[in-house]
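Residue numbers are given in numbering that gives the first Met the number 0: position 9 of the sequence shown equals residue 8, and the series is strictly consecutive.
Using N, Cα and C, we set each Cβ at its ideal position, and we do this for glycine too.
Source: prediction; values computed, not measured.
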Amino acid sequence: MTSVVEWHQPPAPLVKTLSAVLRRVLPSPLGRGVGEFMLLAFAGRRTGRRYRLPVTAHRDADGLFALTPAGWKANFRGGADVDVTFAGRTSPMRGVLVEDDAVTARTYLDRITELGMRRAGRLIGLKFPLGRLPTLAEVTELARREHFGVVRLSGKT
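Shown next as structure tokens:
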């Protein structure tokens, strides 16, 4: 059975190359022109290891956020400090992993709807084999299966 929406990761060599380029470009003056991406710099919550991860930047009425199925999102469970480089500027922020599955699925669906299938495919890493937008139930099932997460970013207080 074909799913309406599927997670689709680009080839690993492409991701590795693009990440290396973005790590250099985003903090530079050229980073001002790369508004679709941001660089997150944070410490692992258990190991203290430093991470510098380029991710797609998303915005809504509640502010800036990252969407990811990657394991690094667990570092933001309960909140963690993060330096966010976005549009050529670095700001100290607080990242918090959204722990509510319903809110996560709704956030993904809202962003998919806003972007449209073509841009959502590119910016979120999704495929739409049946050529239609998914329902909330379909996104909820995908989010649970693929361990999707939302990391909300806000100014430090």
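Under a 10 Å Cβ-count criterion, Ala65 is classified as buried, with 16 or more other Cβ atoms of the shown protein chains found around its own Cβ. As the crow flies, the alpha-carbon of Ala86 is around 6 Å from that of Gly30. By the neighbour-count criterion, in which a residue is buried when 16 or more other Cβ atoms sit within 10 angstroms of its Cβ, Pro28 is exposed. Residue range 79 to 85 is occupied by the beta strand (DSSP E) that includes Asp80. Within the same chain, no Cβ atom closer than 6 Å to the Cβ of Arg118 is found once the five residues on either side in sequence are excluded. A Cβ-Cβ distance of about 7 Å is found for the pair Leu21 and Leu38, placing them in contact under the 8 Å criterion. Proximity to Ala73 across Ala42, Thr84, Gly62 peaks at Ala42, based on C-alpha coordinates.
When DSSP states are grouped into helix, strand and coil, Asp61 belongs to the coil group.
The closest CA to that of Arg93, considering only Arg105, Thr84, Gly34, Phe75, is found on Phe75. In the displayed model, Glu35 falls within coil according to three-state DSSP, outside both helix and strand.
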